[in-house]
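Peer 1: Just add 971 to the spot in the sequence shown (first one is 1) and you have the numbering used here. Please read through the structure below; I'll follow up with questions.
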Amino acid sequence: MKLVGFIKEIDFFPWAKPLEEYMMDINPSELIDQITVYLEKGKLVIGWMGYYIDLETKEHIAPHAYYTDGIWVWPSYYPYYIRKYSRFAIDKEFLKYLQDRKFEESVMDFNELELQKEFIEKIKSR
972 MKLVGFIKEI DFFPWAKPLE EYMMDINPSE LIDQITVYLE KGKLVIGWMG YYIDLETKEH
1032 IAPHAYYTDG IWVWPSYYPY YIRKYSRFAI DKEFLKYLQD RKFEESVMDF NELELQKEFI
1092 EKIKSR
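Listed below in structure tokens is the structure:
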């Protein structure tokens, strides 16, 4: 399991980065579209009642949930921030992974319960 797109001001996990650290790239709109379409096709790992709130506007932006493709796990707000900020840095390893897959949106076969348990343990160990 690999983690991507966690923002420290939203998710207080040790692996999350401050939003400011994500503001370093310029992404072409075509790339943004390909990435966000891929992310929005992810499979739910875990979620609960509640919503994430935009750090600036305080508007509800996404359900409190985490998604996966069987390898990578990301928060539901990740596509929102990629769209909102064209400068939002995309993890290089994740981007290469997507490009190697040609942004194919199908979720890989994986043991859902095992991945869910692994992610919950990771969250609890913070």
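Positions of the beta carbon are idealized from the N, C-alpha and C atoms, including for glycine.
Checking 9 Å against the spacing of the C-beta atoms, do TYR1038 and LEU1015 come in under that value?
Peer 2: On the sequence shown, position 67 is the one that residue 1038 refers to. On the sequence shown, position 44 is the one that residue 1015 refers to. Cβ distance < 9 Å, so TYR1038 and LEU1015 count as in contact.
Peer 1: Based on the DSSP output, what are the partners of THR1039 in its beta bridges?
Peer 2: What you label residue 1039 is simply residue 68 of the sequence shown in a count that begins at 1. The partner list for THR1039 (beta bridge, DSSP) reads LYS1014 and VAL1044.
Peer 1: In the DSSP assignment, what are the bridge partners of PHE1059?
Peer 2: One-based indexing of the sequence shown puts residue 1059 at position 88. Partner(s): MET994.
Peer 1: Classify ILE1032 as helix, strand or coil using the three-state DSSP reduction.
Peer 2: Taking the sequence shown and counting its residues from 1, the one referred to as residue 1032 is at position 61. Strand, per DSSP.
Peer 1: If you draw a straight line from the alpha carbon of ASN1082 to that of TRP1043, how long is it in whole angstroms?
Peer 2: On the sequence shown, residue 1082 is found 111 positions in, with the first residue counted as 1. On the sequence shown, residue 1043 is found 72 positions in, with the first residue counted as 1. Approximately 13 Å between the Cα atoms of the pair.
Peer 1: May I ask you to report which of helix, strand or coil DSSP gives LEU1002?
Peer 2: The residue labelled residue 1002 in the question sits at position 31 within the sequence shown. Of the three classes helix, strand and coil, the one that applies to LEU1002 here is helix, per DSSP.
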